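Okay, structure first, notes after.
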Amino acid sequence: MRVHLCGVRGSTPAPGPDYLRYGGQTSCVAIAHDGPGRPVLVLDAGTGLRRVTPLLRGSPFAGTILLTHLHWDHVHGLPFFTGGDRDDARVTLLLPAQPDRASAVEVLARGMSPPHFPITPEGLRGHWRFGTIEPGQLKAEGFTVEAREIPHKGGRTFGYRVSDGRSSLAYLPDHCPTELGPGPEGWGVYHPAALDLAADVDVLIHDAFLLPEEVPALAAFGHAAADYAVQLGRLAGARRVLLAHHKPDRTDAELDRLGRRLARTVPEVVVAAEGEILEL
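For the sequence shown, the numbering used here begins at 59 and goes up steadily by one.
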């Protein structure tokens, strides 16, 4: 399994010289099978989705996009995904079923349609299929995906576990464990859904928007502390933790310091950087 980190910033893009090394594009991870193949499974469609097009090497995208939820920083890349917006593209886009039973197209169009944007999702070129999913297991592009609902503010949110039968990753980019209580350290509860998704994975890609000292004031906006992500990985038996969904004003220098502080912990901890490739 080859994992491309195309966007690791949270909430809003972060342009500028202070954010060059870790990147300013918002959430998007593209997954290919072993070998030189092109990505066929994409997790989230933030502005980092634009980085998927060069990975296709001139070919149209033929695959599946799974959205964790519908906040802007996870969908804003959709109308700018030129690899999927072409006549020969084949795209299946799936998102969490909504409490009001609205269709996938309907909820996406609430943010992507006039007057907010010139076209609706159905205006994208190529063959697009839009659908909703419930928690459980599904097959997508040769991968087995487990979807579980996790706490987050302002809309139903899923975490995903992706496996090809040999390697596995867990993806929880927006996670607010304090919604379930303070937990043992005050960072939130290590609840069954998160532990199950992360159990024994090769890599856990997790929300690290906050520092522990920021939790009292900022956790109510819907995010987790980096130290929570590390402890979750430890409890679940993950082999590596990638800290992602960086706060938009968290500079490269600050992320360097975060990485140094957690470098000697178990499991291995890496601060996710846009453009990195993981070979699992």
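In this text, a Cβ means the ideal position worked out from N, Cα and C, and glycines have one as well. Since we're looking at a predicted model, the values are computed, not measured.
In three-state terms, what does DSSP make of residue i?
i: Arg148; result: strand
i: Leu262; result: strand
i: Val299; result: strand
i: Ala294; result: helix
i: Ala283; result: strand
i: Val61; result: strand
i: Pro75; result: helix
i: Pro154; result: strand
i: Leu269; result: coil
Exposed or buried, residue i, counting other C-beta atoms within 10 Å across all chains shown (16 or more means buried)?
i: Ser69; result: buried
i: Gln195; result: exposed
i: Arg67; result: buried
i: Pro94; result: exposed
i: Glu332; result: buried
i: Ala311; result: exposed
i: Leu293; result: exposed
i: Ala72; result: buried
i: Arg206; result: buried
i: Ala186; result: Inspection of the sequence shows that residue 186 is occupied by Trp rather than by Ala. Buried, because 16 or more other Cβ atoms sit within 10 Å of the Cβ of Trp186.
i: Asp258; result: exposed
i: Arg219; result: buried
i: Asp232; result: buried
i: Ala278; result: exposed
i: Ser299; result: This sequence places Val at residue 299; Ser is not what is there. Buried: at least 16 other Cβ atoms inside 10 Å.
i: Val149; result: buried
i: Val324; result: exposed
i: His174; result: exposed
i: Gly295; result: exposed
So residue i and residue j are supposed to be a Cβ contact under 8 Å. How far apart are they, rounded?
i: Ala147; j: Phe119; result: 5 Å
i: Ala90; j: Arg60; result: 4 Å
i: Val288; j: Leu320; result: 6 Å
i: Pro270; j: Trp245; result: 6 Å
i: Pro97; j: Gly121; result: 7 Å
i: Leu290; j: His304; result: That pair is no contact at about 17 Å.
i: Pro309; j: Asp76; result: It should be noted that the sequence gives Thr, not Pro, for residue 309. With a Cβ gap of about 4 Å, Thr309 and Asp76 count as contacting.
Using beta-carbon positions only, say whether residue i and residue j come within less than 8 Å of one another.
i: Leu230; j: Asp265; result: yes
i: Thr126; j: Thr236; result: no
i: Gly217; j: Ala252; result: yes
i: Thr111; j: Gly141; result: yes
i: Leu136; j: Ala103; result: yes
i: Arg297; j: Val329; result: no
i: Ala228; j: Thr190; result: no
i: Leu152; j: Leu114; result: no
i: Ala282; j: Cys234; result: yes
i: Lys197; j: Gly280; result: no
i: Leu107; j: Cys86; result: yes
i: Leu268; j: Leu255; result: no
i: Asp143; j: Gly116; result: no
i: Val133; j: Leu166; result: yes
i: Ser171; j: Leu338; result: no
What are the complete beta strand (DSSP E) segments, minimum 3 residues, inside the segment 84 to 132?
-> Runs found: 86 to 90, 99 to 101, 120 to 124.
Complete alpha helix (DSSP H) runs within the segment 184 to 256 (minimum length 4 residues, chain order) = Counting whole runs of 4 or more residues, the segment 184 to 256 contains the alpha helix (DSSP H) stretches 250 to 256.
Which residue spans inside the segment 308 to 337 form an unbroken alpha helix (DSSP H) run of at least 4?
-> Those alpha helix (DSSP H) runs which fall completely within the segment 308 to 337 and span 4+ residues are 310 to 320.
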